[in-house]
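Visitor: Before I ask anything, let me first share the structure, which is written out below as structure tokens.
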Amino acid sequence: MIPLSFAQQRLWFLGELQGPNGTYNIPITLRLTGDLNRKALHTALVDLIERHEALRTLIATDDGVPQQQILTPDDAGLPLPVIKVSEDEIARVVAEESVRPFDLSREIPLRACLLAVAPQDHVLVLVAHHIASDGWSLAPLARDVSTAYTARSGGHAPTWEPLPIQYADYALWQRELLGGEDDPASFLNQELSYWRKALADLPEELPLPFDRPRPSMPSHRNGSADLDITADLHRRISALARAEGVTMFAVLHAALATTLSRLGAGTDIPIGTPVAGRTEVALNDLVGFFVNTLVIRGDLSGRPSFRDVLARVHERNLDALTHQELPFERLVEDLAPARSIARQPLFQVMLALQDNGEPALALPGLDVTVLASREAPARADLAVSVRETFGPGGVPTGLMGGIGYVADLFDHATVQTLAERFVRVLDAVTADPAQPVDDIDLLSPAERRQVVIGWNDTAHDVPAATLSELFEAQVLRTPDATAVMFEDVDVSYTDLNARANRLARHLADHGVGPETLVGVHLERSADLIVTLLAVVKAGGAYLPIDPDHPADRIAHLLSDARPAVVVTTGALHPHLPAGEKVRHLVLDAPDTKLTLEGLSATDLDDSDRHGLLLPAHPAYVIYTSGSTGRPKGVAVPHQGVANRLEWMQHQYPIGASDRVLQKTPFGFDVSVWEFFWPLLQGAVLVVARPGGHRDPAYLADLIQTRHVTVSHFVPSMLKVFLTDPSASRCTTLRAVLCSGEALTPELRDHFLRTLNAPLHNLYGPTEASIDVTHASHLTGDDPVVPIGRPVWNTHTYVLDASLRPVPPAVPGELYLAGAQLARGYLERPGLTAERFVANPHGQLGERMYRTGDLVRWTTDGQLEYLGRTDDQVKIRGFRIELGEVEAALASHPAVAQAAVVVREDQPGDKRLVGYIVPKADIDGTVVRTHVAGLLPDYMVPSAAVVLDALPLTVNGKLDRAALPAPEYTSGHASRGPRTAREEILCDAFAEILGRPHVGVDDNFFDLGGHSLLAVTLVERLRARGLSVDVRSLFTTPTVAGLAATSGRAEVQVPANRIPAGSQVITPDMLPLVELDAGHIAEITARIPGGAANVADVYPLAPLQEGILFHHLMGGESADEGVYVLPTVLRFDSRDGLEGC
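Residue numbers (UniProt numbering): 1 to 1140.
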């Protein structure tokens, strides 16, 4: 037995991994016109396999190790079946033969068949497996068949020079040359040493302009786009190569790397290139698999000129050729990149300049025409192949070729456009090789107009107005209609307006007017709605202050924003930090109530407001996470919100019959449209109770009982909501909107399966008026969920680092312009100037906001969200700057260094994790507790991992991949459960947190829990008969604490929905059980009086289920007395029983 060469070994392994397929078949199809000697042709093919051992070699295995088994020519055999076909059948039969798999353990790697079209017309189909052939091999193969056929047609055997060696000799020589890995001085180790350095920190995968996500299992479908380079450009490329002292290949390589980089692939572009691998003259005439692949990086860092890139590429090409003896397969084994059967390791783009001889078949008496074979299977995501053509005297006449592509990933139009951009780059760099590659424009004039103007044609007339004016106009239209529903309180438009007017006048008496801020320190309630309206009526801007935030966070916000007054309640007032020089207005204080009763309920005018209120004045200021450790306030004017709400009413119209759910915490800008949109359209605003936004069962019940028609969900909360059994019964919903984080196709499809309502995806940063793009009426057809198109009077630009538009399908940073931009950051002019920049694509003086979001245009003018360009993250809909969290960790006196990353150790469960290098011995839980006193709970890392040092890459950057997964611990020994209730809680904690066991004193959040896991835990506990609400878990997050409260909390029981005297009961009348109409009919049929005699239907309690089970198990013979509780009463006379 003879070992395989390294290249064969990898190909054999891929065949075993992927199963039978024709991916590595090399078909050769020849049309033979004339007098064909079939016997001579068959014998010539047998001569061919006799001459080349590789073509009569099987791949056998010995204890799982593949070996070459060379057959004799007689044992090998090579049949030449003749198949009669019509002209119309040729393409089909050729295609079938071309893709038919080989069984290399039983079949030699060459087969042939002859299609007989007519007596003078044949088609020869030869199919070789790549394991025994390559592109170079086709020329000697054709030459040898020609020689053998000519000889056999003349009645004699071919006479040719014996081959000096066979492929098996090469396989043995290759292993001998490389030597062993255990020998430090071996050639193998010398080559590996070079390649390890050359490919250090190689990108795992190039971000190419894919049309679709990469599937887990490739289909091996492929396509090809033409690549034609004119004679003039060919001559200019040749001239540039001569002038720079480089090869034609180097120019093509540098230009391709430049094209890919400008298309968003980064500045480190690894490209695979094939080399013949025939480094010895004796191999030139041999048929076999010798080709090797070199990985050559294109370095485009540091804003180089094309001349710089060309010099770098040329040098690396020369170095790589010097070290080409190391088989690519051996390199892959050594570097051990992240492996995937869905893509090529180490590189995803290939470039080949074909210079091997064209196979030419000369058969006497026959005209031979090469027919186009099927497109070769794509073995890289993109494979660029070109061949130079020359005229008389060697004059360049053009380059011809194509770009092969994986059809799983790309559409033909995308790759054809890429080919055009490649030619555009070649044209630009040959005209001016000194220009920086970043300045090369890939857009045609028509494309530029499309992305800058065409897809931003959003102009609409929107009347200039303030929110207070718009609301007051609606009050006049529907004065007696219900405006707000909260718990058991309904408020009409007239009453809401009157209460807001009185409070607005009171605020004005405290100095509130245009350009002043009012802190709102309230929980969700009808009073919150009144207060927000009052603030904008008074001309001020409301400043949300979340009562759940740490005192230090609130103190910083008040110190930074300096509101004129803070509105709060008696219950919340004590939680405001002392010492802040801010007036507090306590809504439920007796003196406040008395004052409000004495104020006018009429609408305010500008004289009441201490100044003219304009649409350009701010309506609210919302604080967001800050990268420097300081949260920043974003001031948003009325005009932007009015534009946004006017567009929303046009896109998703609502009216008096609609009820809109308000559940988003008011510190997040989604709440703005929830508050104001329904109140400007005469709809009803249904306000969820405090903390209710975390409880899917409560939300589902609220939607059903209050007949909510429109609701918003952050995708992560939507995912939890849809898992609740009652979600599917929310049939009153006619529109659900998502925003706040990426909406996955899987979640979209889950929604569409669960609810019969339109789903809309929106996008917008706090620095704009809520949402600025929309993708409406989502369907399950697309592999990604776009963020859509710009809303009215809004422009979205996808730009590169030089603020130039990038082509469709190319990642770039999203910039926003238009009516909905925020003013900027409160009292932060430097930061405002950094993020709100001049718009080079708009009117003079127009600004645009740099979002930091990475997006791309689709070919139909929608935007797809791809990620971030900085350290900002979104977790469960919360916007977090990692720098602010790192600053909070580093503020602990015992911490020397800190880093924060987002980990997703379990799919779909993203968590913040902190890593600290201490100055002194300290426990991570202590640091985490310190951070919890500074930041909101959603910004507190789920764990703080103590390290001796932060791991760094060779470039000195944080090596995020080397950071260890956290081990969540409580930091103390915890007791085991003592009661059945505690045991249930411990088991549920452990199950949700993925831990083997949890003690009664362990803190849910210290062990890695977060808000969405808390919701899941509560649902699991309810399913096990323990009544726990989400708020209880946040206030008492230990098993011991919950055990003391669970089962005692007030249970929210849905109201009875069966009308008195109802003759028919329908499924929506039974919120506590899931029964269809058929089951309900069976039940009511058994009840005397039928449906009219049924008050309600609900499930048994767990204990009742157990009793019923034992009763049914016992049958008629059971001792019924076990579950009978007799009560005996004695009466002293019969008189007491009269009338009973």
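Each residue gets a CB set at the ideal place from its N, CA and C atoms; glycine is no exception. In this text, all values refer to a predicted model and were calculated from it rather than measured experimentally.
If we require 4 or more residues per run, which alpha helix (DSSP H) segments fall completely within the stretch 142-184?
Guide: Listed in chain order, they are 167-178.
Visitor: Report all residues from its chain with a CB closer than 6 angstroms to the CB of histidine 549; omit the five preceding and five following residues, and keep chain order.
Guide: These residues qualify, in order along the chain: Pro936.
Visitor: Below 8 angstroms on the Cβ atoms is my contact criterion, and I expect leucine 517 with glycine 540 to pass it. Report the Cβ-Cβ distance as a whole number of Å.
Guide: Between glycine 540 and leucine 517 the Cβ distance is about 6 angstroms, and since that is below 8 angstroms, they are a contact.
Visitor: Do you know whose CA, among Gly1008, Thr259, Gly64, lies nearest glutamine 906's CA?
Guide: The candidate whose alpha carbon is nearest that of glutamine 906 is Gly1008.
Visitor: Pairing CB atoms from the stretch 529-539 with CB atoms from the stretch 594-602, are three or more of them under 8 angstroms?
Guide: As far as the Cβ criterion goes, the stretch 529-539 does not touch the stretch 594-602, which means the pair count is below three.
Visitor: What is the rounded straight-line gap between the Cα of glycine 154 and the Cα of glycine 402?
Guide: Their Cα atoms are separated by approximately 41 angstroms.
Visitor: Pull up the distance between the alpha-carbon of alanine 898 and that of glycine 914, whole angstroms please.
Guide: Going by the C-alpha atoms only, they are around 7 angstroms apart.
Visitor: Check whether the Cβ atoms of leucine 426 and isoleucine 237 lie closer than 8 angstroms to each other.
Guide: Yes, the Cβ-Cβ distance between leucine 426 and isoleucine 237 is below 8 angstroms.
Visitor: CB-CB under 6 angstroms to valine 686, same chain, minus the five flanking residues each way: which ones, in chain order?
Guide: Closer than 6 angstroms at Cβ, skipping near neighbours: Met485, Arg659, Leu661, Arg706, Val708.
Visitor: Within a Cβ cutoff of 8 angstroms, which residues of the same chain sit near alanine 407, ignoring the five residues on either side of it in sequence?
Guide: Closer than 8 angstroms at the Cβ level, and outside the excluded window around alanine 407, lie Ser219, Arg221, Asn222, Gly223, Ala378.
Visitor: When the Cα atoms are used, what is the spatial distance from glutamate 1050 to leucine 1017?
Guide: Here glutamate 1050 scores only 43 on pLDDT, less than 50, and its place in the model should not be relied on; the value that follows carries that caveat. Whole-angstrom Cα-Cα distance: 18 angstroms.
Visitor: If you follow the beta strand (DSSP E) that histidine 122 is part of, which residue opens it and which one closes it?
Guide: Unbroken beta strand (DSSP E) run through histidine 122: 121-129.
Visitor: I'd like the span of the alpha helix (DSSP H) that includes histidine 521, first residue to last.
Guide: Run containing histidine 521: none; DSSP gives neither H nor E here.
Visitor: Which residues share a DSSP beta bridge with aspartate 228?
Guide: Answer is Met400.
Visitor: What does a CB cutoff of less than 7 angstroms around valine 1030 pick up in its chain, not counting 5 residues either side in sequence?
Guide: Only Gly691, Arg694, Asp695, Ala1014, Val1015, Val1018 meet the Cβ criterion.
Visitor: Below 8 angstroms on the Cβ atoms is my contact criterion, and I expect isoleucine 654 with glutamine 681 to pass it. Report the Cβ-Cβ distance as a whole number of Å.
Guide: Right, their Cβ atoms sit about 5 angstroms apart.
Visitor: Could you tell me if threonine 979 is buried or exposed, where buried requires 16 or more neighbouring beta carbons within 10 angstroms of its beta carbon?
Guide: Burial call: exposed.
Visitor: If you compare alpha carbons, which of Val1000, Ala128, Asp959 is closest to glycine 976?
Guide: The shortest Cα separation from glycine 976 among Val1000, Ala128, Asp959 belongs to Val1000.
Visitor: List the residues that DSSP assigns as beta-bridge partners of threonine 482.
Guide: The partner list for threonine 482 (beta bridge, DSSP) reads Ser492.
Visitor: On the criterion of 16 or more Cβ atoms from any shown chain inside 10 Å, does alanine 128 qualify as buried, or is it exposed?
Guide: Label assigned to alanine 128: buried.
Visitor: Please state whether the Cβ-Cβ distance between alanine 819 and glutamate 846 is less than 8 angstroms.
Guide: Going by C-beta atoms, alanine 819 is not nearer than 8 angstroms to glutamate 846.
Visitor: Let me know the secondary structure DSSP gives aspartate 552 once reduced to three states.
Guide: Three-state result, aspartate 552: helix.
Visitor: When the distance is taken between beta carbons, is valine 491 closer than 8 angstroms to glycine 526?
Guide: The sequence given here has alanine at residue 526, not glycine. In contact: alanine 526 and valine 491 (Cβ atoms closer than 8 angstroms).
Visitor: Rounded to whole angstroms, what's the CA-CA distance from methionine 350 to glycine 135? Just pull it up for me.
Guide: For methionine 350 and glycine 135, the distance between alpha carbons rounds to 15 angstroms.
Visitor: Terminal residues of the continuous beta strand (DSSP E) containing cysteine 113?
Guide: Note, cysteine 113: beta strand (DSSP E), 110-118.
Visitor: Since I believe alanine 619 is in contact with histidine 638 (beta carbons under 8 angstroms), could you give me their beta-carbon distance rounded to a whole number of angstroms?
Guide: Histidine 638 to alanine 619, Cβ: 5 angstroms. Contact.
Visitor: If I follow the unbroken alpha helix (DSSP H) through alanine 254, where does it start and stop?
Guide: Taken as a continuous stretch (DSSP letters only), the alpha helix (DSSP H) holding alanine 254 covers 248-260.
Visitor: Check whether the stretch 789-796 touches the stretch 451-460, counting contact only when three or more Cβ pairs, one atom from each stretch, lie closer than 8 angstroms.
Guide: Result yes; three or more Cβ-Cβ pairs closer than 8 angstroms.
Visitor: Pick from Pro941, Arg850, Ala962, Val93: whose alpha carbon is nearest that of leucine 950?
Guide: Looking at the Cα atoms, Ala962 is the closest of the given residues.
Visitor: Could you compute how far the alpha carbon of proline 392 sits from the alpha carbon of arginine 449?
Guide: Looking at the two C-alpha atoms, the distance is approximately 43 angstroms.
Visitor: Is valine 332 helix, strand or coil by DSSP?
Guide: Residue state, collapsed to three classes: helix.
Visitor: State the start and end residues of the unbroken beta strand (DSSP E) segment that holds glutamate 388.
Guide: Unbroken beta strand (DSSP E) run through glutamate 388: 382-390.
Visitor: Just verifying my parser: in three-state terms, what is the DSSP assignment at threonine 602?
Guide: In the structure shown, threonine 602 sits in coil (DSSP, three-state: anything other than H, G, I, E or B).
Visitor: Can you tell me the Cα-Cα spacing of proline 811 and leucine 418, whole angstroms?
Guide: Using only the alpha carbons, I get a separation of about 14 angstroms.
Visitor: Compare the C-alpha of tyrosine 849 against each of Val837, Val855, His841 and name the closest.
Guide: Nearest C-alpha to tyrosine 849: Val837.
Visitor: Please report the straight-line C-alpha distance between valine 927 and alanine 920, rounded to a whole angstrom.
Guide: Those two C-alpha atoms are separated by around 12 angstroms.
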